[in-house]
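Here is the structure we will look at, set down as structure tokens.
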Amino acid sequence: DRIVQAGRIVYRQPLQANQQVTPVLSRVSVGCRGEPTMPGLLLGDEFPNFEADTTIGRIKIHDFLGSSWGILFSHPKDFTPVCTTELACAARISDEFKKRGVKMIALSIDSVEDHRHWSKDVMAFNSETESPLPFPIIADDKRELSVQLGMLDPDERDKDGMPLTARCVRILSSVLSCPVFVIGPDKKLKLSILYPATTGRNFDELLRVIDSLQLTAQKKVATPVNWKPNDKVMVIPSLSEAEATALFPNGVTTKEVPSGKKYLRYTQL
34 DRIVQAGRIV YRQPLQANQQ VTPVLSRVSV GCRGEPTMPG LLLGDEFPNF
84 EADTTIGRIK IHDFLGSSWG ILFSHPKDFT PVCTTELACA ARISDEFKKR
134 GVKMIALSID SVEDHRHWSK DVMAFNSETE SPLPFPIIAD DKRELSVQLG
184 MLDPDERDKD GMPLTARCVR ILSSVLSCPV FVIGPDKKLK LSILYPATTG
234 RNFDELLRVI DSLQLTAQKK VATPVNWKPN DKVMVIPSLS EAEATALFPN
284 GVTTKEVPSG KKYLRYTQL
């Protein structure tokens with residue numbers, strides 16, 4: 034099998050000897066046997082306003098988010114080791130998300146009742162047995178949402194041979210397999226990070242990404258490699274020198290490079 038890129042969609046497709054492949058922009062993924070799989074979401078897509086049962090009752094995701102940002106974590110299954118450590122970490126640092134105006138919600142392929150029992154294990158992992166999980170978990174026991182949102186990991190299967198959901202984080206904003214999906218104030222997908230079911234997330238990185246997204250949504254800047262809050266930021270190329278000078282009173286410095294092009298411009302906000 035060969036991996037073929039079609040626009041930003043990657044899919045597996047059997048390749049015959051001497052066969053040439055022409056990339057085609059497509060919203061459909063094709064599995065190893067040629068069968069269509071989940072469509073997935075592209076950056077810029079509107080996040081589906083799905084309705085689902087959760088540990089706090091039935092919700093519509095856009096209504097749940099209201100005018101705040103949000104983050105959606107998906108998980109392959111309840112009572113699994115990596116996912117339990119992740120939800121425990123998310124619960125421990127929930128105040129960090131709240132401070133950023135980010136609503137939290139999780140998704141797993143089991144039932145609401147299973148989620149409620151699992152939540153007790155999660156909080157016990159944090160030695161907080163008397164505290165409730167500070168965010169709801171969506172029930173997806175029929176895997177309908179997992180398919181709709183492109184969360185299934187074809188290489189990881191449960192004991193019955195069913196594909197597991199990748200561990201997915203989708204960050205949502207509404208003023209709105211695991212991918213991380215970031216949705217902006219227009220309810221469109223701004224970022225997606227996909228984790229396999231065997232690899233835990235880095236929550237420091239998720240908070241850093243949210244800080245960058247919220248900053249660059251408000252300012253005409255970009256954040257460079259390994260940026261952290263209070264570091265210098267980069268002036269976006271579309272701003273002229275005169276515009277940059279007017280917008281950034283702390284001044285703009287330019288890194289000289291052999292090409293002579295003045296595109297590496299920094300400022301301190």
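Heads up: the sequence shown begins at 34 in the numbering used here, then just goes up one per residue.
All C-beta atoms, glycine included, are put in the ideal place defined by N, C-alpha and C.
Phe158 - DSSP class collapsed to helix/strand/coil: helix
7 Å Cβ shell around Pro114 - same chain, five flanking residues per side excluded: none
Cβ shell of Val285 (< 8 Å), same chain only, five flanking positions each side left out: Val268, Glu274, Ala277, Thr278, Arg298, Tyr299 and Thr300, listed in sequence order.
Touching by the beta-carbon criterion (3+ pairs, under 8 Å), the stretch 164–178 and the stretch 120–130: yes
Which residues DSSP lists as bridging Glu184, in chain order: A small correction: the amino acid at residue 184 is Met; Glu does not occupy that position in the sequence shown. Met184 is not bridged by DSSP to any residue.
Alpha-carbon spacing of Pro291 relative to Thr249, whole angstroms: 28 Å
Whole-angstrom distance between Lys93 and Lys221, CA atom to CA atom: 16 Å
With 16 other Cβ atoms within 10 Å as the buried cut-off, status of Ser100: exposed
Where Lys223 falls, given that 16 or more other Cβ within 10 Å makes a residue buried: Within a 10 Å sphere around the beta-carbon of Lys223 sit 16 or more other beta-carbons, which makes this residue buried.
C-beta atoms of Pro270 and Tyr228 nearer than 8 Å: no
CB-CB length for Leu178 against Val155, believed under 8 Å: Not really, about 20 Å apart at Cβ, beyond 8 Å.
Cβ-Cβ separation, Arg133 to Gln247 (assumed contact under 8 Å), whole Å: 7 Å
Minimum length 3: unbroken beta strand (DSSP E) runs contained in the stretch 241–272: Under the rule that a run must span 3 or more residues, the beta strand (DSSP E) segments found entirely inside the stretch 241–272 read 266–268.
Residue nearest to Asp143 in terms of C-alpha spacing, selected from Thr162, Lys110, Ser152 and Phe158: Lys110
Opposing strand residues paired with Asp86 [DSSP bridges]: The bridge partners DSSP lists for Asp86 are Arg91.
Ala139 beta carbon less than 8 Å from that of Ala85: no
Selected residue, minimal CA-CA separation from Trp151, among Cys116, Asp174, Lys136 and Met184: Cys116
CA nearest to the CA of Lys252, picked from Asp244, Asn259 and Val258: Asp244
Boundaries (first-last residue) of the beta strand (DSSP E) holding Phe106: For Phe106, the enclosing beta strand (DSSP E) starts and ends at Trp102 to His108.
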